[in-house]
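Listed in order, the protein sequences are those of chains Z and P.
Heads up, the first sequence is in this note's numbering, so the first residue is 16 and it goes up one at a time.
Heads up, the second sequence is in this note's numbering, so the first residue is 404 and it goes up one at a time.
Here is the structure we will look at, set down as structure tokens.
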Amino acid sequence: MNANREKALIFEMSKPGRVAYSLPDCDVPEAAPASVIPERLLRAKPAALPEVYEVDVIRHYTELSRRNFGVDNGFYPLGSCTMKYNPKLNEDAARLPGFAKIHPYQPETSLQGAMELLYTLQRDLAALTGMDQVTLQPAAGAHGEWTGLMLIRAYHERRGERRTKVIVPDSSHGTNPSSATVAGFETITIPSDAQGLVDLEALRAAVGDDTAALMLTNPNTLGRFEAQIDEIAGIVHAAGGLLYYDGANSNAIMGIARPGDMGFDVVHLNLHKTMSTPHGGGGPGAGPVGVKSRLIPFLPKPIVERRGDGTYYWDEDRPLSIGRVKPYYGNFGILVRAYAYIRSYGPAGLRRVSECAVLNANYMMHRLAPYYEVAYPGVCKHEFVLSGKRLRAFGVRTLDVAKRLLDFGYHPPTIYFPLNVEECIMIEPTETESKETLDGFIDVMIQIAREAEDDPNLLLQAPHTTIVKRLDEATAARRPVLYCNCE
Amino acid sequence: MTKHRYLPMTARDEAEMLAVIGASAMEDLFADIPASVRYTGDLPISGALDEAALLRHLRALADRNADFDRYASFLGAGIYDHQIPVVINHVISRSEFYTAYTPYQPEISQGELQAIFEFQSYICELTGMKVANASMYDGATALAEAAALASGATKRKRIVVSRAVHPEAREIVRTSARGLGLEIVEVGCADGVTDLGALSAAIDADTAAVLVQTPNFFGCLEDIPAIEALIHARQGLLVMSVNPLSLGLLESPGALGADIVVGDAQPLGIPASLGGPTCGFFAVTEALMRRMPGRIVGQTTDSEGRRGFVLTLQAREQHIRREKATSNICSNQALLALSASVYLSVMGREGMREVASLNLSKARYAQGKLEALGGCALPFSAPSFNEFVVKLPEGTDISALQAKLLAAGYIGGYDLGRTYPELAGHLLVAVTERRTREEMDGFVRALEASL
């Protein structure tokens, strides 16, 4: 990285007269815009876009990329985000012309390869989660949650029941309650018990004939498996509610336990987590939703179906469907990558993925336990939660530990989530990290714990080696500067 | 034990790590999962393939689709075959970008944060709006979010939507309106554009917003100044969905009085990819800034006074506000927003005007050729950009026609009868800068031969 130097905005590199584009000459008579379009609808002055040449473009974005950190740069143990390796084959696959250069409204006969892939993926994801049918349309986890809740709503309404409340544990992802709101539900948050698990008494007290669903992540965001899942499912179902599975933590249980067998009625998966599709700096992802048979009629349109003769078609004839949630057929390019991932492992391989992810997490937890308090001791699944509250005695907070990790070339874990753990540090190593990588990170975490005691300023002023120091977020929010005013 | 190129765990690693944990076998780590929900046996999913076999299998699937390299596409309806500058794929293949997550740690994410800041700046420049976010899933879901924002900002529950808005976008607006308890009123069309008389009648004091698209689904340009006057007279909001590429020529929505501008950035260097992933954009007036959904990047300084960028205005978002958030959106389409930014960097001020002009000229040429065909007519007189409607001779079987066009090497237009029964027998045709005169002439000849 170029140390401590501001990077020009592309707008600041502009020089009138330079071009980076190459367009064909017009091989038809030119239509003067004013002869076709009324003056008042034509642009009075051109958009002030930069004028640069191709080398500027490449150097600009190459330098920006060098000021960024991804899984390919190093260890990225961001809890609940499953920052595993993104296989390169999957990238090549999504770029094949037969996948990248096809139109959603082409005749079905000219899309049979793509449709076979989607159909197979629907079936594979259904089998993996123990559900009966899957829609591939939702664009992301939160979008899947909302889709799933709309299905639950339609299901209850169809049965003539008005159920208005969605229950979530206090350890749940923030998207759970906000998706419930957007789907028209009221949220009830219940506390966790001393083990960090669903408090059965609190759940019993919360359910009633207005309960639409319980949304649960299992293993939960503390990395603990909800061992009383049978009782939980029993309580919710007895009250007439449904069980929603937030699949953010599915990387722990592939081939080991299935939400469908735990009593869940609706499931979403984050393909950008469990199925290794790249996070892209914040997207695109994909959040397919699986359901039990009684919810199939309500799935969004369309579903890919297979005819007796082996050809595929879009099933748009779904009279009870909640409608459409995403244009066309979902994030197909992401679905191609996820399919390639599943085929690179197969059933035994996926099971091994989860085993390794869980072993890595337990190993790290055990080695770190003497230095950072484990929030909820006991075997963890693919992630675990530490508390940095012991360091408070030295005037150091979890944020400072995270910033200090940057100096050692690591992406810090998730911090301050879940909300029910003080000074929270949530670590998810994933299965694609080696023992040497884990040991290196653990050693640094131990060193930082010692530094906190011996030289807290080292942490309080961290990071020391990055291209910028800590940034003034308060001013950014109070006096927002949200675009470049370069003219 | 399974060996795999993505998995580093050796038998020795496993033994050493289990020993540290104090477990005797891998199975001990799953002892907390009750037997009643344990899955035993092999999942009934597709089997594993080695690298070469997997590539062969994927290529075989891809080859069964008709792609734009082998067929000249005249299909649009929201997804377009534009020239994608080759530099875009090189930039988004930098794995510092594509293997990163949301820039939660700004000190090591300045590249992504600056890229998003530049994307927001580009969207503001193109749309003429004051504030843009880091992107949305796509143009259609962005439109649904715009309806939600408009309702929240006006404290009104009725949304008026033109039937000339993309049919799938309208369906998504309807689905999300059910969750939010919004009432959707659709207004019909006359001569290919929103019927202004009907629109005027539909707007009242309970109307939160009017949702229009321009160029609309039929390719026609809406009379935005007239629509703006109607909705603002009732203190409702004007929500415009636009094709960003058309803004190389067309007046910016901000200059026309829009309150919220959304659209899909697919025409800006994003592959069609069966319709997704694409990238939605979302821009608003300053007054609506703190109600905007999604991530927003702001400029600030670090502790030594250097310019830097951070995620900002997070008090709106789900991870802080939970059930009180303005939207449940969490991820965006950062990598595709980057594609759009690179596209706009490549095209620049002149290129955007030029590419938009090429689209206009080529579409006019194809329009003229098709109008001259016996039995075909152009039903709408409203001005258009790069897409237009052709009325085919009475009794034309459009799916049979499309099959014949495909056999001749062309991906035909969109059968409007699919979504507008009153327009059965009408074809929506898109012509981008990629189509040569030769292809257009060939397409018209093939169409004539197929009628």
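Yeah, the Cβ is synthetic: ideal placement off N, Cα and C, and Gly gets one too.
For glutamine 669(P), there are no neighbours in chain Z by C-beta distance under 9 Å, as the nearest C-beta there is about 10 Å away.
Distance from the CA atom of aspartate 470(P) to the CA atom of phenylalanine 114(Z), rounded to whole angstroms, is 8 Å. Within the DSSP bridge table, the entry for aspartate 330(Z) names Ile318(Z) as partners. Methionine 230(Z) sits in a strand when the DSSP states are folded into three classes.
Restricting attention to alpha helix (DSSP H) runs no shorter than 4 residues, the region 783-832 of chain P encloses them at 801-810, ordered along the chain.
Annotation: leucine 401(Z) to glutamate 437(Z) spans about 9 Å, alpha carbon to alpha carbon. Contact between the region 522-537 of chain P and the region 686-698 of chain P is present, with at least three C-beta pairs closer than 8 Å. In this structure, cysteine 96(Z) sits near tyrosine 504(P), with a CB-CB distance shorter than 7 Å. Note on proline 31(Z): under 16 other CB atoms within 10 angstroms of its CB, so exposed under the neighbour-count rule. Annotated three-state conformation of proline 312(Z) is helix, per DSSP. In this structure, the beta-carbon distance from arginine 725(P) to proline 192(Z) falls below 7 Å.
From the beta-carbon of isoleucine 73(Z), the residues of chain P found nearer than 8 Å are Val490, His493 and Val494. Glycine 223(Z) and glutamate 586(P) have their alpha carbons spaced roughly 29 Å apart. A Cβ of chain P is located within less than 7 Å of the beta carbon of glutamine 121(Z).
Counting the other Cβ atoms within 10 Å of the Cβ of arginine 459(P) gives fewer than 16, which makes it exposed.
In this chain, the beta strand (DSSP E) harbouring valine 181(Z) covers 180-184. Taking the beta carbon of tyrosine 344(Z) as reference, the chain P residues within 8 Å of it are Leu677, Gly678 and Gly679, listed in sequence order.
Using a CB distance cut-off of 7 Å, valine 319(Z) does not count as an interface residue toward chain P. Note on geometry: alpha-carbon atoms of leucine 365(Z) and leucine 410(P) lie some 11 Å from one another. Using a Cβ-Cβ cut-off of 8 Å, cysteine 592(P) is close to nothing in chain Z; its nearest Cβ partner there is about 18 Å away. DSSP, read as helix, strand or coil, puts arginine 358(Z) in helix.
For aspartate 818(P), the closest C-alpha among the options Met269(Z), Gly94(Z) and Pro122(Z) is that of Pro122(Z). With respect to the C-alpha of proline 427(Z), the residue from Ala47(Z), Met98(Z), Val72(Z) and Arg219(Z) having the closest C-alpha is Met98(Z). DSSP, reduced to helix, strand and coil, places leucine 93(Z) within a strand of the structure shown. Within chain P, no C-beta atom comes less than 9 Å from the C-beta of serine 95(Z); the nearest is roughly 11 Å away. Under the Cβ distance rule, tyrosine 378(Z) counts among the residues neighbouring chain P, one pair being separated by less than 7 Å. For glycine 711(P), the enclosing beta strand (DSSP E) covers residues 710-714. When secondary structure is reduced to three states using DSSP, glycine 683(P) falls in the strand class.
Between the beta-carbon of leucine 671(P) and that of leucine 747(P) there is about 6 Å, and that keeps the pair under the 8 Å contact cut. Distances from the alpha-carbon of tyrosine 386(Z) to those of Glu370(Z), Leu143(Z), Glu398(Z) and Leu406(Z) put Leu406(Z) closest. In terms of Cβ geometry, glutamate 446(Z) and alanine 355(Z) do not form a close pair [threshold 7 Å]. Contact check for arginine 358(Z) against leucine 452(P) passes: the beta carbons are separated by less than 7 Å.
Under the 7 Å criterion on CB atoms, serine 369(Z) is classed as non-interfacial with respect to chain P.
For valine 642(P), the nearest beta carbon of chain Z is not closer than 7 Å to its own beta carbon. DSSP places glutamine 486(P) in the coil class of the three-state scheme, outside both helix and strand. Fewer than three Cβ pairs drawn from the region 140-155 of chain Z and the region 488-504 of chain P lie within less than 8 Å of each other, which leaves the two stretches out of contact.
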